[in-house]
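Inspection log for the structure reproduced underneath, given as structure tokens.
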Amino acid sequence: LSLRSWLRAPHAEALELSAGPGRLTVTGRLYGAAVTAHAYGEIRAADHAGPACRVPVAPVPEPPHSLAEGTGFTLTLPHTDLAPEGHPRAWAVWLRPAGETGPEARLARLLGPGGVTAAPRPHRVFTLPGPRGPLRAAPVYTPTHDLTLRLTRAFPPPRRA
8 LSLRSWLRAP
18 HAEALELSAG
28 PGRLTVTGRL
38 YGAAVTAHAY
48 GEIRAADHAG
58 PACRVPVAPV
68 PEPPHSLAEG
78 TGFTLTLPHT
88 DLAPEGHPRA
98 WAVWLRPAGE
108 TGPEARLARL
118 LGPGGVTAAP
128 RPHRVFTLPG
138 PRGPLRAAPV
148 YTPTHDLTLR
158 LTRAFPPPRR
168 A
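In our numbering, the protein residues as written are 8 to 168.
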């Protein structure tokens with residue numbers, strides 16, 4: 008009989024995405040750290056270098072005597088930050104639960120028992136307003152299970168004659 012353990016860096020699971028007027032909200036759970044008053048989220052360009060954009064994070068209150076592991080949170084992504092120029096983009100979504108000086112965790116889907124995962128529940132594709140017309144926001148997972156938001160034009164550009 009042997010027992011193994013390891014110290015794992017904080018990790019965050021994306022549970023639900025919902026669109027509202029002017030925003031896209033991600034609800035998730037953070038494991039291995041607490042969401043503090045200094046917490047914020049970041050969206051970082053996944054397809055090319057560029058500045059990160061900070062977004063607000065709020066802890067989700069837990070019911071009394073909850074047996075759920077981790078800490079619930081929501082982060083809000085403003086549409087204007089997702090598509091400032093209206094061009095197709097890919098964004099990685101990160102959580103900084105203790106602020107700038109603390110650890111960071113990329114939002115992902117977590118593996119089940121034994122490292123096995125079923126096919127992920129697909130997140131809904133959203134249509135967001137953009138400065139050059141509507142954009143399609145597709146939440147997808149990378150081969151390493153990280154959440155990426157892919158923004159493309161909702162309608163193909165008109166053909167030039």
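For each residue, glycine too, the CB sits at the ideal point set by N, CA and C.
Within 10 angstroms of the beta-carbon of threonine 149 lie fewer than 16 other beta-carbons, which makes it exposed. Partner residues in the beta bridge of glutamate 20, as assigned by DSSP, are Arg36, Ala115. Excluding its 5 nearest sequence neighbours in each direction, alanine 59 has C-beta neighbours in its own chain below 6 Å: Glu49, Arg51, listed in chain order. Distances from the CA of proline 138 to each of Thr81, Glu111, Val42, Pro95 were compared; the closest alpha carbon is that of Pro95. Within the same chain, Cβ atoms closer than 7 Å to the Cβ of alanine 41 are found at Thr78, Pro104, the five residues on either side in sequence being excluded.
With a 10 Å radius around the Cβ and a threshold of 16 neighbouring Cβ atoms, leucine 89 comes out buried. Out of Thr159, Gly57, Tyr47, Ala56, the CA that lies nearest to the CA of alanine 65 is found in Tyr47. For arginine 113, the number of other beta carbons within 10 angstroms of its own is at least 16, and it is reported as buried. Nearest to alanine 26 by alpha-carbon distance, out of Ala75, Pro146, Thr159, is Pro146. Closest option to valine 132, judged by alpha-carbon separation, among Ala161, Arg116, His18, Pro71: Ala161.
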